[in-house]
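To keep things clear, I will list the structure first and then write my remarks on it.
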Amino acid sequence: MNKTPFQPTMVMWLNVMTACRKWGDVHLGRQAFEQAIRLDSTESAAYVCMANIYADAGMYENAKEIEGMIMTE
């Protein structure tokens, strides 16, 4: 995404995160999450998607941490 001739949007990052959830790619999902919240840290969909990526991977403590971030934003 960093080499595209245009700026990535929130929708693009959320699509990457959705694909990461489907394919179980926690590492890339986290990278996409970080980019998404740089664009808009108040976008709750990014937090929910990241929490779901962690939960699907069995990383429940990480999922709880992200869910806690939703409450503080």
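With the UniProt record's numbering, letter number 66 in the sequence shown gets 66, and the count goes up by one each step, no holes.
Cβ coordinates follow ideal geometry from the N, Cα and C atoms, glycine included.
Since the structure is predicted, the reported quantities are computational estimates derived from the model, not experimental observations.
Problem - Assumed close pair Ala51, Ala63 - CB separation to whole angstroms, cut-off 8 angstroms - result: Position 51 of the sequence shown, counted from the first residue, corresponds to residue 51. Position 63 of the sequence shown, counted from the first residue, corresponds to residue 63. Yes, Ala51 and Ala63 are in contact; Cβ-Cβ is about 5 angstroms, under 8 angstroms.
Quick one: is Arg21 buried, meaning 16 or more other Cβ sit within 10 Å of its Cβ, or exposed? As a working mapping, residue 21 is identified with position 21 in the sequence shown. By the 10 Å Cβ count, Arg21 comes out buried.
(message) Measuring only the C-alpha atoms, how far is Glu67 from Thr9?
(response) Counting from one through the sequence shown, the residue named residue 67 turns up at place 67. Counting from one through the sequence shown, the residue named residue 9 turns up at place 9. Answer to the nearest angstrom: the Cα atoms are 23 angstroms apart.
Taking the beta carbon of Tyr54 as the centre, do at least 16 other beta carbons fall within 10 Å, making it buried, or is it exposed? For the purposes of this step, residue 54 is identified with residue 54 of the sequence shown, where counting begins at 1. Per the 10 Å Cβ criterion, buried.
Exercise. With C-beta atoms as the reference, is Val26 less than 8 angstroms away from Ala46?
Worked result: As a first step, residue 26 must be located in the sequence shown, where it is residue number 26. As a first step, residue 46 must be located in the sequence shown, where it is residue number 46. Taking 8 angstroms as the Cβ cut-off, Val26 and Ala46 do not qualify as a contacting pair.
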